[in-house]
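Residues 294 to 400 (my numbering) make up the sequence shown, in order.
Even glycine gets a Cβ: it sits at the ideal position worked out from N, Cα and C.
The structure displayed is predicted, hence computed values, not measured ones.
Heads up: the structure comes next, in structure tokens.
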Amino acid sequence: MTQIPRIDWSVAEHSLNEIIVRTIYSIEETRQALQLVQERKTVVLILDQLTTDKAQRVVDWMAGGICAIDGQTFWVAEKTFMFVPNQVQIQSDRPRQSSVSPSLKTG
Numbered sequence: 294m295t296q297i298p299r300i301d302w303s304v305a306e307h308s309l310n311e312i313i314v315r316t317i318y319s320i321e322e323t324r325q326a327l328q329l330v331q332e333r334k335t336v337v338l339i340l341d342q343l344t345t346d347k348a349q350r351v352v353d354w355m356a357g358g359i360c361a362i363d364g365q366t367f368w369v370a371e372k373t374f375m376f377v378p379n380q381v382q383i384q385s386d387r388p389r390q391s392s393v394s395p396s397l398k399t400g
């Protein structure tokens, strides 16, 4: 099976409709991601470089931050989550159950 390379990019800073995609390599990077959430930016985190326990901690912290601004958390793929501020509407038919933690509800 061909491995698809991961991307790590963001749209121009002054963009109104900004989506930030980040691969997280350590728990310490969560602070930067939380700052982006506080700025009402949509953040996609790829957590496949972390152990399951550390990925769960990142998801918990991010879910708390997004909840504080009335946003939502979406499971995108294996160890990949999207954190969306309340002014962004997302429609999805994907399951609400997390691949990081079966008990984590992401919506």
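Next item on the list: Kindly indicate which residue of Q349, E311, R350 and M355 has the alpha-carbon position closest to the one of Q325.
Entry: M355
Check: Just the Cα atoms here: how many angstroms apart are I320 and G364?
Finding: 21 Å
Item checked: Assigned exposure category for E306 - 16 Cβ within 10 Å defines buried -> Low local confidence applies: a pLDDT of 45 at E306 is under 50, so the model's placement there is unreliable, and no value is given.
Next item on the list: State the Cα-Cα distance for the pair L327 and F376, rounded to the nearest angstrom.
Entry: 10 Å
Check: Can you tell me whether DSSP reads I320 as helix, strand or coil?
Finding: helix
Margin query: Give me the DSSP bridge partner(s) of V351.
Written below: In DSSP, V351 forms no bridge with anything.
Notebook entry, point to check: Out of curiosity, what's the CA-to-CA distance linking L343 and V314?
Noted result: 16 Å
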